[in-house]
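The next block holds one structure in the form of structure tokens; read it before the comments.
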Amino acid sequence: MTEILERDVPEQFVLTEQRTVAAPDVKEWLTEAMDRQFGIAQAMNGLTGHWFVVYHGQFTDETPEIPVEVCGPVAPDEAGDLATRVEPAHREAYLRLKKHQFTNPSEIANAFATVAQWVAKQGYTISDAPREVYFTDLMAAADDEDVCDIAFPIR
Numbered sequence: 123m124t125e126i127l128e129r130d131v132p133e134q135f136v137l138t139e140q141r142t143v144a145a146p147d148v149k150e151w152l153t154e155a156m157d158r159q160f161g162i163a164q165a166m167n168g169l170t171g172h173w174f175v176v177y178h179g180q181f182t183d184e185t186p187e188i189p190v191e192v193c194g195p196v197a198p199d200e201a202g203d204l205a206t207r208v209e210p211a212h213r214e215a216y217l218r219l220k221k222h223q224f225t226n227p228s229e230i231a232n233a234f235a236t237v238a239q240w241v242a243k244q245g246y247t248i249s250d251a252p253r254e255v256y257f258t259d260l261m262a263a264a265d266d267e268d269v270c271d272i273a274f275p276i277r
């Protein structure tokens with residue numbers, strides 16, 4: 123794993139789609155939801171920021187399904203009656219992953235745990251659900267290319 127960093131994230135108006143899914147179904151559902159949102163965003167002059175996926179829970183043996191939310195930042199004046207919300211401005215701690223790390227479920231789980239532990243050690247509080255922030259085309263990326271941040275909003 124690489125260094126954990128911090129950044130400020132401005133308020134964002136986002137298209138949103140949420141569904142309760144089981145861990146084995148997450149990848150397929152995320153791909154479908156992002157494809158739907160991408161088509162909508164393109165008709166609205168495109169995304170204004172990076173995709174992010176919010177995990178409103180943690181997969182465990184006792185909780186095999188959790189709510190997962192795909193968010194695509196767009197301009198608020200073009201959304202009409204689509205499913206949207208405002209993502210509040212916040213500070214977040216994050217860990218950047220390369221494609222070969224991101225395609226390995228145990229490395230993703232380890233990254234979430236690493237960031238959460240770092241947040242606690244620094245004396246911060248996790249202020250919202252953890253997320254993955256995608257800043258490049260995951261499918262087109264090379265195995266050693268940075269593709270995603272594992273991020274926790276903090277205060």
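Per the numbering used here, numbering of the sequence shown is gapless, rising by one per residue and ending at 277.
Glycine included, each C-beta is placed from N, C-alpha and C at the ideal position.
Remark: three or more beta-carbon pairs, one from each stretch, lie closer than 8 Å, so the stretch 136-155 and the stretch 186-197 are flagged as touching.
Following the DSSP letters along the chain, one finds GLY161 inside the alpha helix (DSSP H) bounded by residues 148-165. Take SER249, set aside five residues on each side of it, and the residues of its chain with a beta-carbon closer than 8 Å to its own are HIS212, PRO275, ILE276, ARG277, in chain order.
Relative to the Cα of GLU209, the nearest Cα in the group PRO132, TYR177, GLN164, GLU154 belongs to PRO132. Shown here, ASP199 sits in a helix according to DSSP, grouped into three states.
TYR256 and GLU184 have their C-alpha atoms some 29 Å from each other. A straight line joining the alpha-carbon of ALA264 with that of CYS270 spans about 13 Å.
Closest in alpha carbon position to ALA238, among ALA201, MET166, ALA215, GLY168, is ALA215.
The C-beta distance from ARG207 to VAL136 rounds to 6 Å, short enough to fall under 8 Å. Buried is the label assigned to GLU139, since at least 16 other Cβ atoms lie within 10 Å of its Cβ.
LEU219 and ALA205 have their C-alpha atoms some 29 Å from each other.
Where GLU133 is concerned, there is no enclosing beta strand (DSSP E), because DSSP gives it neither an H nor an E. The beta carbons of GLY194 and LEU169 sit about 6 Å from each other, so the pair counts as a contact at 8 Å.
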